[in-house]
Amino acid sequence: MLDPLIYLFRRVFRNIRQSPVLCSAAVGTVAVALTILAFFSLIVINVQSLAAHWSEEIQIVAYLEREPSPARLKQWRASIEEMPEVAAVLYVDQQEALRRFKSRLGSDSDLLEGFGAEILPASLEISLREQYRTRESAETVVGRLRHNPELAEFNYGQDWLERFEAFLELLRFGAVVLGIFLLFAALFIVANTIKLTLYARRDELEIMALVGATSWFIKIPFLLEGALQGALGALLALIGALALFQLFLRQGLVALLSVSGGDQVVFLVWQQQLMLVCTGILLGLVGSVLSLRKFVRI
Amino acid sequence: MIQLYNVCKTYQKDAASALHNLNLKIAKGDFVYITGPSGAGKSTLLKLLYCAEKPNRGQILVNGKNITRMGSSHVPQLRRHTGIVFQDFKLLESRTLFENVAFPLEVQGKKRFEISNKVYQTLKHVGLHGKLHKYPLQLSGGEQQRVAIARALVVDPLILLADEPTGNLDLEVTLEIFELFKKANARGTTVLLATHDQELIRRFPRRAIALENGQLVYDHTP
Ligand SMILES: Nc1ncnc2c1ncn2[C@@H]1O[C@H](COP(=O)(O)OP(=O)(O)O)[C@@H](O)[C@H]1O
Ligand SMILES: [Mg+2]
Numbered sequence: 156m157l158d159p160l161i162y163l164f165r166r167v168f169r170n171i172r173q174s175p176v177l178c179s180a181a182v183g184t185v186a187v188a189l190t191i192l193a194f195f196s197l198i199v200i201n202v203q204s205l206a207a208h209w210s211e212e213i214q215i216v217a218y219l220e221r222e223p224s225p226a227r228l229k230q231w232r233a234s235i236e237e238m239p240e241v242a243a244v245l246y247v248d249q250q251e252a253l254r255r256f257k258s259r260l261g262s263d264s265d266l267l268e269g270f271g272a273e274i275l276p277a278s279l280e281i282s283l284r285e286q287y288r289t290r291e292s293a294e295t296v297v298g299r300l301r302h303n304p305e306l307a308e309f310n311y312g313q314d315w316l317e318r319f320e321a322f323l324e325l326l327r328f329g330a331v332v333l334g335i336f337l338l339f340a341a342l343f344i345v346a347n348t349i350k351l352t353l354y355a356r357r358d359e360l361e362i363m364a365l366v367g368a369t370s371w372f373i374k375i376p377f378l379l380e381g382a383l384q385g386a387l388g389a390l391l392a393l394i395g396a397l398a399l400f401q402l403f404l405r406q407g408l409v410a411l412l413s414v415s416g417g418d419q420v421v422f423l424v425w426q427q428q429l430m431l432v433c434t435g436i437l438l439g440l441v442g443s444v445l446s447l448r449k450f451v452r453i
Numbered sequence: 007m008i009q010l011y012n013v014c015k016t017y018q019k020d021a022a023s024a025l026h027n028l029n030l031k032i033a034k035g036d037f038v039y040i041t042g043p044s045g046a047g048k049s050t051l052l053k054l055l056y057c058a059e060k061p062n063r064g065q066i067l068v069n070g071k072n073i074t075r076m077g078s079s080h081v082p083q084l085r086r087h088t089g090i091v092f093q094d095f096k097l098l099e100s101r102t103l104f105e106n107v108a109f110p111l112e113v114q115g116k117k118r119f120e121i122s123n124k125v126y127q128t129l130k131h132v133g134l135h136g137k138l139h140k141y142p143l144q145l146s147g148g149e150q151q152r153v154a155i156a157r158a159l160v161v162d163p164l165i166l167l168a169d170e171p172t173g174n175l176d177l178e179v180t181l182e183i184f185e186l187f188k189k190a191n192a193r194g195t196t197v198l199l200a201t202h203d204q205e206l207i208r209r210f211p212r213r214a215i216a217l218e219n220g221q222l223v224y225d226h227t228p
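The structure is reproduced here in structure tokens:
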């Protein structure tokens with residue numbers, strides 16, 4: 156039972172030993188392609204998770220023409236809080252708005268010297284229940300609030316969120332196109348390097364067939380070799396991507412997305428790492444199958 | 007053992023046929039020369055018998071099996087009972103004599119000790135058991151051909167096909183090699199030997215068939 160397995164691995168390692176350059180070329184190709192792929196995946200994954208985080212913070216701010224009387228305010232709050240989407244309503248009067256603005260300006264707050272609270276409008280900050288934190292729900296709520304002429308203006312981050320989502324869509328599309336292109340390029344190169352190793356061993360393939368080897372017997376070591384090369388390439392790509400991530404990507408993303416600290420910028424989780432390795436194995440296998448078709452015909 | 011009925015083989019459309027309407031019967035244990043000028047179709051006939059080519063028309067029976075109707079997955083099984091020897095030996099230069107002769111047995115998945123025993127016996131049979139760990143290119147042409155014959159015989163084939171096996175060798179070596187075919191035949195293997203060496207046929211008269219332009223022109227049993 157163990158004998159055929161040992162024999163199989165002996166054949167695989169004999170192949171690798173006899174053409175180490177071609178073998179490394181295949182491994183290197185897979186490694187480079189998958190490193191680039193992992194690099195772009197990391198960018199997409201991180202930007203996307205951050206965007207999801209941001210849209211979770213969606214809330215509606217309704218600016219008021221003038222500060223309402225306490226009675227009217229109470230009435231409005233009650234009617235807004237009745238809406239199924241709404242979690243809470245917070246009233247921010249003009250004084251509070253000015254205080255917040257000053258603290259945002261920090262050391263530049265002396266710019267506001269001489270201005271009174273009347274320069275900033277009072278507002279209602281309406282936070283939404285968790286399942287309603289989407290742009291559509293926000294729009295429904297705003298639609299209802301528009302009937303109140305005292306509410307002058309609404310802000311729920313519609314503009315930049317829309318633009319950001321369009322950008323994200325583009326990024327994702329670009330990554331997919333690039334990924335497909337890279338995988339096909341890698342497949343092409345891997346198939347051709349394997350074809351070269353097969354060409355170098357065509358005598359052996361011919362003789363094997365002549366002495367009665369089944370086509371599977373001939374093919375399996377080459378398939379295994381391809382899978383091994385793919386797996387090795389993927390592992391190298393994982394190391395390469397981790398190095399790139401630690402050296403450049405983390406700081407780059409932190410700066411780009413202006414998140415505090417690097418904690419929110421993450422590397423591939425183990426399922427994604429496994430997927431990368433499987434992609435490598437598949438790449439090697441398909442590469443071998445494609446080139447074997449031309450060489451092993453009985 | 008081998009029967010051919012109206013076998014035709016054309017390699018390319020519009021090309022002259024390599025074999026034309028060939029009918030042939032070879033009994034079990036026979037020794038048959040296949041002669042004829044270059045391009046007569048000798049190699050083609052042998053290729054049909056080990057399924058390297060398929061006939062365009064006609065039926066071929068080997069050991070009672072119609073190999074023209076056989077699926078390609080059965081080809082390896084046929085070849086395991088067929089020893090094949092070529093003019094250019096077709097040995098693996100990166101492997102020792104032992105490994106070369108062991109190759110067909112490995113392919114059949116035989117056990118390790120079984121293989122070493124059988125390989126040693128077979129190499130002894132062809133007189134090369136002293137050079138087990140040498141490489142083919144360290145040997146003379148005659149010795150290389152003996153290794154190739156050992157590789158063909160190591161599986162105890164029912165049929166031995168040899169395509170001009172002595173074409174590159176001088177007379178003395180040819181006679182030594184021929185002895186090996188005779189011995190194999192004496193042990194019951196059916197031997198087909200393609201050659202245009204009339205000297206050999208004169209010295210060792212056996213059934214001889216001659217092809218010309220793909221047609222059987224002569225079939226003589228002494
Ligand atoms: N692979 C091939 N493709 C095309 N024509 C071939 C091929 N093999 C042989 N032929 C042709 O078939 C005829 C018979 O060839 P072959 O069987 O090799 O003759 P022999 O072995 O008697 O010299 C020749 O005309 C040869 O040119
Ligand atoms: Mg020939």
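If you read the protein sequences in the order shown, they are chains B and L. My numbering numbers the first residue of the first sequence as 156 and each following residue consecutively. My numbering numbers the first residue of the second sequence as 7 and each following residue consecutively. Backbone N, C-alpha and C fix where the C-beta goes; we use that ideal spot for every residue, glycine too. No experiment lies behind these values; they were computed from the predicted model shown.
Checking the sheet assignment: what are the DSSP bridge partners for Gln9 of chain L? To locate residue 9 of chain L, count along the second sequence from 1; it is residue 3. Note: Gln9 of chain L sits in a beta bridge opposite L:Lys31, L:Leu67.
Give me the Cα-Cα distance between Arg165 of chain B and Cys178 of chain B, rounded to the nearest whole angstrom. In the first sequence, residue 165 of chain B corresponds to position 10, counting from 1. In the first sequence, residue 178 of chain B corresponds to position 23, counting from 1. About 16 angstroms.
Any C-beta of chain L sitting closer than 8 angstroms to the C-beta of Phe450 of chain B? In the first sequence, residue 450 of chain B corresponds to position 295, counting from 1. False, the Cβ-Cβ gap to chain L never drops below 8 angstroms.
Any non-hydrogen atom of ligand 2 within 7 angstroms of Lys96 of chain L CB: Against the second sequence, residue 96 of chain L aligns to sequence position 90. No - ligand 2 has no heavy atom lying nearer than 7 angstroms to the Cβ of Lys96 of chain L.
Comparing the CB of Tyr17 of chain L with every heavy atom of ligand 1, is any distance shorter than 7 angstroms? On the second sequence, residue 17 of chain L is found 11 positions in, with the first residue counted as 1. Tyr17 of chain L: yes, Cβ under 7 angstroms from ligand 1.
Partner residues on chain B for Glu112 of chain L, Cβ-Cβ distance less than 8 angstroms: Stepping through the second sequence from its first residue, residue 112 of chain L is reached at position 106. Within 8 angstroms Cβ-Cβ: Tyr162.
Does the CB of Trp369 of chain B have a neighbour CB from chain L at under 8 angstroms? Position 214 of the first sequence, counted from the start, is the residue given in the question as residue 369 of chain B. Before going on, a small fix: residue 369 of chain B reads as Thr here, not Trp. At least one chain L Cβ lies under 8 angstroms of Thr369 of chain B.
Measuring only between beta-carbons, confirm whether Ile375 of chain B sits less than 8 angstroms from chain L. Here residue 375 of chain B corresponds to residue number 220 of the first sequence, with the count starting at 1. It does not; no Cβ of chain L falls within 8 angstroms.
Determine the DSSP secondary structure at Leu222 of chain L, reduced to helix, strand or coil. Position 216 of the second sequence holds residue 222 of chain L. In the structure shown, Leu222 of chain L sits in a strand (DSSP, three-state: E or B).
Does at least one heavy atom of ligand 2 sit under 7 angstroms from the Cβ of Asp203 of chain L? Within the second sequence, numbered from 1, the residue matching residue 203 of chain L stands at position 197. No - ligand 2 has no heavy atom lying nearer than 7 angstroms to the Cβ of Asp203 of chain L.
Please identify the residue among B:Thr369, B:Glu222, B:Ser443 whose C-alpha is closest to the C-alpha of Val345 of chain B. Here residue 345 of chain B is taken as the residue at index 190 of the first sequence, counted from 1. Checking every option, the nearest Cα to that of Val345 of chain B belongs to B:Ser443.
CA-CA distance, Arg193 of chain L and Ser446 of chain B? On the second sequence, position 187 is the one that residue 193 of chain L refers to. On the first sequence, position 291 is the one that residue 446 of chain B refers to. Their backbone Cα atoms lie some 43 angstroms apart in a straight line.
Determine the extent of the beta strand (DSSP E) in which Tyr39 of chain L is found, giving its start and end residues. Along the second sequence, one-based indexing puts residue 39 of chain L at 33. Start and end: 37 to 41.
C-alpha distance - Ala396 of chain B paired with Arg85 of chain L, whole-angstrom precision: To locate residue 396 of chain B, count along the first sequence from 1; it is residue 241. To locate residue 85 of chain L, count along the second sequence from 1; it is residue 79. Their backbone Cα atoms lie some 50 angstroms apart in a straight line.
So is Phe168 of chain B in contact with chain L if we call contact Cβ pairs under 8 angstroms? Here the question's residue 168 of chain B lines up with position 13 in the first sequence. No, no contact with chain L.
Beta-carbon proximity of Leu97 of chain L to Val161 of chain L, cut-off 8 angstroms: As a working mapping, residue 97 of chain L is identified with position 91 in the second sequence. As a working mapping, residue 161 of chain L is identified with position 155 in the second sequence. No, these two residues do not count as a Cβ contact at 8 angstroms.
Cutoff 8 angstroms: Glu380 of chain B Cβ touching any chain L Cβ: The residue labelled residue 380 of chain B in the question sits at position 225 within the first sequence. Closer than 8 angstroms: no.
Would you tell me roughly how many angstroms separate the C-alpha atoms of Asn303 of chain B and Ser262 of chain B, rounded to the nearest one? Here residue 303 of chain B corresponds to residue number 148 of the first sequence, with the count starting at 1. Here residue 262 of chain B corresponds to residue number 107 of the first sequence, with the count starting at 1. Those two C-alpha atoms are separated by around 38 angstroms.
For Leu306 of chain B, write down the residues that DSSP places opposite it in a beta bridge. Stepping through the first sequence from its first residue, residue 306 of chain B is reached at position 151. Note: Leu306 of chain B sits in a beta bridge opposite B:Leu219.
Report the three-state DSSP secondary structure of Thr16 of chain L (helix, strand or coil). The sequence position of residue 16 of chain L within the second sequence is 10, counting from 1. Residue state, collapsed to three classes: coil.
May I have the straight-line CA-CA distance separating Leu411 of chain B from Leu326 of chain B, to the nearest angstrom? Along the first sequence, one-based indexing puts residue 411 of chain B at 256. Along the first sequence, one-based indexing puts residue 326 of chain B at 171. Taking the straight line joining both Cα atoms gives about 14 angstroms.
Report the residues of the region 320 to 350 of chain B with a CB closer than 7 angstroms to any CB of chain L, ordered along the chain. none
Val216 of chain L in three-state terms, based on DSSP: What you label residue 216 of chain L is simply residue 210 of the second sequence in a count that begins at 1. The sequence given here places Ala at residue 216 of chain L; Val does not occur at that position. Here Ala216 of chain L sits in strand by DSSP.
Any heavy atom of ligand 1 inside 7 angstroms of the beta-carbon of Ala192 of chain L? Taking the first residue of the second sequence as 1, we reach residue 192 of chain L at position 186. Outside the cutoff, so no.
With 16 other CB atoms within 10 Å as the buried threshold, where does Asp169 of chain L fall? Within the second sequence, residue 169 of chain L is the residue found at index 163, counting from 1. Looking at its Cβ environment, which holds 16 or more other Cβ atoms inside 10 Å, Asp169 of chain L is buried.
Residue(s) in a DSSP beta bridge with Gln214 of chain B: The residue you call residue 214 of chain B lines up with position 59 of the first sequence. Answer by DSSP bridge pairing, in chain order: B:Ser282.
Please determine whether the Cβ atom of Ala168 of chain L lies at a distance below 7 angstroms from any heavy atom of ligand 1. Position 162 of the second sequence, counted from the first residue, corresponds to residue 168 of chain L. No - ligand 1 has no heavy atom lying nearer than 7 angstroms to the Cβ of Ala168 of chain L.
Paired residues, beta bridge with Ile165 of chain L - DSSP: Along the second sequence, read from residue 1 onward, the residue named residue 165 of chain L stands at position 159. Note: Ile165 of chain L sits in a beta bridge opposite L:Thr88, L:Thr196.
Assuming Gly89 of chain L and Leu166 of chain L form a contact by the criterion Cβ under 8 angstroms, report the distance between their Cβ atoms to the nearest whole angstrom. Reading the second sequence from its first residue, position 83 is the one you call residue 89 of chain L. Reading the second sequence from its first residue, position 160 is the one you call residue 166 of chain L. About 4 angstroms; that satisfies the 8 angstroms criterion.
I need the DSSP call for Val244 of chain B, collapsed to helix, strand or coil. Your numbering for residue 244 of chain B matches position 89 in the first sequence. Of the three classes helix, strand and coil, the one that applies to Val244 of chain B here is strand, per DSSP.
Contacting positions in the region 171 to 199 of chain B - beta carbon closer than 9 angstroms to chain L: Gln173
Just by C-beta distance, which residues in the region 383 to 409 of chain B are closer than 9 angstroms to chain L? none
Considering Cα atoms alone, identify which of B:Ile349, B:Glu268, B:Ile213 is closest to Ser292 of chain B. Numbered from its first residue, the first sequence carries residue 292 of chain B at position 137. Per the Cα distances, B:Ile213.
I'd like the list of long-range same chain contacts for Cys14 of chain L, defined as Cβ closer than 8 angstroms, with 5 residues on each side in sequence excluded. Numbered from its first residue, the second sequence carries residue 14 of chain L at position 8. Excluding sequence neighbours, Cys14 of chain L sits near Ser23, Leu25, His26, Asn27, Leu28, Pro61, Asn62, Arg63, Gly64.
Identity of the residue in L:Glu178, L:Asp36, L:Ala156, L:Leu175 nearest Leu186 of chain L by Cα: Indexing the second sequence from 1 puts residue 186 of chain L at position 180. Measuring from the Cα of Leu186 of chain L, the nearest candidate turns out to be L:Ala156.
Short CB-CB distance (under 8 angstroms) between Val444 of chain B and chain L: Numbered from its first residue, the first sequence carries residue 444 of chain B at position 289. No, because no Cβ of chain L sits closer than 8 angstroms to the Cβ of Val444 of chain B.
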